[in-house]
Amino acid sequence: MPSKRDSLSSRELLARIGLDQELGSNDLLDDELLPDLTGNPGAALKERARLFAHAHRFAPGDLVTWKPGLKNRRVPRSSQPAVVLEVLSEPAFDSEKNSGSPYFREPLDLVLGLFVEDGPHRGDFLNWHFDSRRFQPWPAK
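In full-length UniProt numbering, the protein residues as written are 1 to 141.
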């Protein structure tokens, strides 16, 4: 078990296991631009803040997806569902030490499982920790 001194940020962990190279460096930019960014930026900011503040209660087994415009990680992709494995009563915090990073002090209270889509680990089921405020229920079809 690593000591507190040996803790890694999520970015460092992905680099250590090679997932950063498989997924590419611009995966967050692959999604289409949201239409509300072409109009009034103030209205778009208020809408994102409203979405971010709107809490959903998740339980293990729920399928979830990113809220529009709130994706801050490479996986899951915007069109990919993830399954809730655990909702943490006490969030973990990313060990990012740079306050200029979007991951600084981000509360990771949701453990999600999903399939790796690309590379040599394609089809493997892995789990990651996320901030639940960025997710919404996956639409039932």
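Built from N, CA and C at the ideal position, the CB exists for glycine as well.
- Taking Phe115 as reference, the option from Ala82, Leu88, Glu47 and Ser99 with the minimal CA-CA separation is Ala82.
- Note on geometry: alpha-carbon atoms of Leu126 and Phe52 lie some 25 Å from one another.
- Nearest neighbour of Leu108 by Cα position, chosen from Gln136, Asp124 and Trp128, turns out to be Trp128.
- Bounds of the beta strand (DSSP E) holding Phe135 are Phe135 to Pro137.
- Per the C-alpha coordinates, the member of Ala59, Trp66, Arg105 and Ala92 positioned closest to Pro139 is Trp66.
- Given a length threshold of 3 residues, each whole run of the beta strand (DSSP E) inside the stretch 32-118 is given here in chain order: 63-66, 82-93 and 107-115.
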